[in-house]
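> Residue numbers (the numbering used here): 20 to 623.
Here a beta-carbon is modelled for each residue, glycine too, at the ideal position from N, C-alpha and C.
Owing to the predicted nature of the structure, the values given are computational and were not obtained by experimental measurement.
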């Protein structure tokens, strides 16, 4: 408990929840770091595909980047409409549930939850890649560094939304600032620098021809630049009042920063002939060309690393909120909907951290291996949310509904096309994993909801229900001998009333005879029943007796009082048999059988 308070902080009162709401400045740092951080690798992923056709194909990076910028514009306008229409949050899941039905909404939720897990893994892996580009000797330790970083972010998020936002705001804005400096200085220099940079390979030196399929593949991986666009719409309730207005404003800030940095990096990479390298990122190469290898270069690398690492923080803002909404609807465990000590959804934060660590280990911290998993889930949710809004406008109409319908219609079409492109071009690289997992998650959601529905049906009082009539209570005390812990249990049983019997399993004639003599003196008049056990099965003999009593009197309650010795130190438990624990586990699922522990605490 002391360690928890040191790591997480003191509990917050429920009344302090309003004080934990975020200003636009803090919200931008928390919600947009995932989206803006894609600047560090989106252009690189585009070039990795195009360079397969040689240097001549790199020129296509600009048209591809412009197409992605158009997606950013469409999604910004579309999600602003969602923010105003569905201020309770939940994004694609809430929109689909209201307009498309259960199956599409669960598909959107499953896709989003997968994308959040992948976001953490990709962001951390890319951040560590930025670090190892500057310090190559750390490359072999990238997995360990990634796991430690995820653990740190989990702890910070468990401390509360406001505190984590304040902690991450300054490094986030520092990172945006140094990347902005790189783009501004680089673009200004490129306007006056007409000296061409020798290409790494000649035209036609690639392994593949320039085809439409190759360009579509580059577009598919470059779409990682628009991941994170939905996070603000999922967490509208985290903003200060007026929530929708502040969230919509933050959405514009995020998109402007993203568009400017992304197009700037793409232009500079094209202008200077930058090509991807295995041991150095594109941003690192641009920083070297622009600033040399001095302090500003390292500032850019540090800033990039910080932004990429903090991008994971956006997922820790989105995943728990989405899980809480699903839990309230019965599709996730109910405990996901409850606040922890620091007024955050602690269970969701811990679960997200666990699966992100698992994914990072499985893919060995390789950013390029994780990228194919990244965009497909996000674009599935984009398409479902935009389609849901189209259905909403057609059904509800309202003021300026045709304009809004056009925006969401374009959004549904463009993101749908992008989803198909990503699914087909990156299927063999790993997008099939997401397409396989989404149906499994839908089955899991429905299974959880079916369980809760069955529980409700079985425990709900109906009009025909009547208060239960009094029943006979048979109290059984299993003993292995006569000692202070047993007599303490007898004392407790006598205070409850009812028919009390002690049970002794005969596994040793001499010990049984001694116990009978001692019981006559200390048993307080409680009858002692000696159970035969030819095969020395204590547990089996007791279970048979309990079952016999259940069959004999179907209306009887059976209370099993267990005398249990509790050692003073935890390690001393291994020196005692676990018979009481085994008996509890066996009786727990017996109808009309109640278990009561009577602990006897040892002092040394």
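What span of residues does the alpha helix (DSSP H) with residue 295 cover, start to end?
Element bounds for residue 295: n/a, residue is neither H nor E.
> So what's residue 107 in DSSP terms, helix, strand or just coil?
Residue 107 falls in the coil class under three-state DSSP.
> When you compare only the Cα positions, how much space is there between residue 543 and residue 583?
Their Cα atoms are separated by approximately 19 Å.
> Whole angstroms is fine: what's the gap from residue 620's alpha carbon to residue 520's?
Roughly 24 Å separates the two Cα atoms.
> So, with DSSP's three-state summary, where would you put residue 300?
It is coil, neither helix nor strand.
> Express the C-alpha separation of residue 110 and residue 353 in angstroms, rounding to a whole number.
Straight-line Cα distance between these residues: approximately 20 Å.
> Nearest to residue 369 by CA position, among 587, 65, 171 and 62, is which residue?
Looking at the Cα atoms, 171 is the closest of the given residues.
> What alpha helix (DSSP H) runs, 4 residues minimum, are completely inside the region 152-191?
Entirely contained in the region 152-191, the alpha helix (DSSP H) runs reaching 4 residues are, in chain order, 161-177.
> Less than 9 Å separating the beta-carbons of residue 46 and residue 251?
Going by C-beta atoms, residue 46 is nearer than 9 Å to residue 251.
> Give the straight-line distance between the Cα atoms of residue 279 and residue 470, rounded to the nearest whole angstrom.
Cα-Cα distance, rounded: 49 Å.
> With burial defined as no fewer than 16 other Cβ atoms inside 10 Å of the residue's Cβ, what is the status of residue 445: buried or exposed?
Under this definition residue 445 is a buried residue.
> What does a CB cutoff of less than 6 Å around residue 319 pick up in its chain, not counting 5 residues either side in sequence?
Cβ neighbours of residue 319 beyond the five flanking positions: 197, 201 and 306.
> If you drop the 5 nearest sequence neighbours on each side, which residues of the same chain put their C-beta closer than 6 Å to that of residue 273?
Once the five neighbours on either side are set aside, the close Cβ partners of residue 273 are 51 and 54.
> In whole angstroms, what is the alpha-carbon distance linking residue 253 and residue 102?
Distance between the alpha carbons of residue 253 and residue 102: 8 Å.
> Suppose you measure from the CA of residue 221 to the CA of residue 459; what does that come to, to the nearest Å?
Since pLDDT at residue 221 reaches only 42, below the 50 mark, its modelled position is unreliable, and the value read off the structure follows with that caveat. Looking at the two C-alpha atoms, the distance is approximately 47 Å.
> Which of helix, strand or coil does DSSP assign to residue 498?
Residue 498 falls in the strand class under three-state DSSP.
> Given residue 193, which residues of its chain have a CB within under 8 Å of its CB, disregarding the five upstream and five downstream residues?
Correct list, in chain order: 322 and 325.
> From which residue to which residue does the alpha helix (DSSP H) around residue 272 run?
Note, residue 272: alpha helix (DSSP H), 262-290.
> Going by Cα to Cα distance, which pick from 532, 333 and 540 is closest to residue 549?
Nearest of 532, 333 and 540 to residue 549, Cα basis: 532.
> In the structure shown, what three-state DSSP assignment does residue 583 receive?
Strand at residue 583.
> Evaluate residue 175 with the Cβ neighbour count: other Cβ atoms within 10 Å of its Cβ, from every protein chain shown; 16 or more gives buried, anything less gives exposed.
So residue 175 counts as buried.
> Can you tell me which of 594, 81, 269 and 394 puts its alpha carbon nearest to the alpha carbon of residue 239?
When only C-alpha atoms are compared, the closest one is 394.
> I believe residue 2 touches residue 409 by the beta-carbon criterion, under 8 Å. Please report the beta-carbon distance rounded to the nearest angstrom.
What is shown of the chain runs 20 to 623, which leaves residue 2 out entirely.
> Output the distance between the C-alpha atoms of residue 95 and residue 381, rounded to the nearest integer angstrom.
Their Cα atoms are separated by approximately 34 Å.
> Throw me the rounded Cβ distance for the residue 403 and residue 59 pair, which I believe falls under 8 Å.
Actually they are not in contact, since the Cβ atoms of residue 403 and residue 59 sit about 28 Å apart, beyond 8 Å.
> Against chain D, with Cβ distances strictly below 9 Å, would residue 55 count as a contact?
Included in the structure is just one protein chain, with no chain D present.
> For residue 488, is the classification buried or exposed, using 16 other Cβ atoms within 10 angstroms of its Cβ as the cut-off for buried?
It counts as exposed.
> Might you give, ordered along the chain, the residues of its own chain that have their beta carbon closer than 7 Å to the beta carbon of residue 541, omitting 5 neighbours on each side?
Here the set comprises 501 and 506.
> Residue 479 and residue 90: beta carbons closer than 9 Å?
Result no, Cβ atoms of residue 479 and residue 90 do not sit closer than 9 Å.
> Please confirm if the region 336-348 is in contact with the region 258-265, defined as three or more CB-CB distances below 8 Å between the two stretches.
Because the criterion of three Cβ pairs below 8 Å is not met, the region 336-348 and the region 258-265 do not touch.
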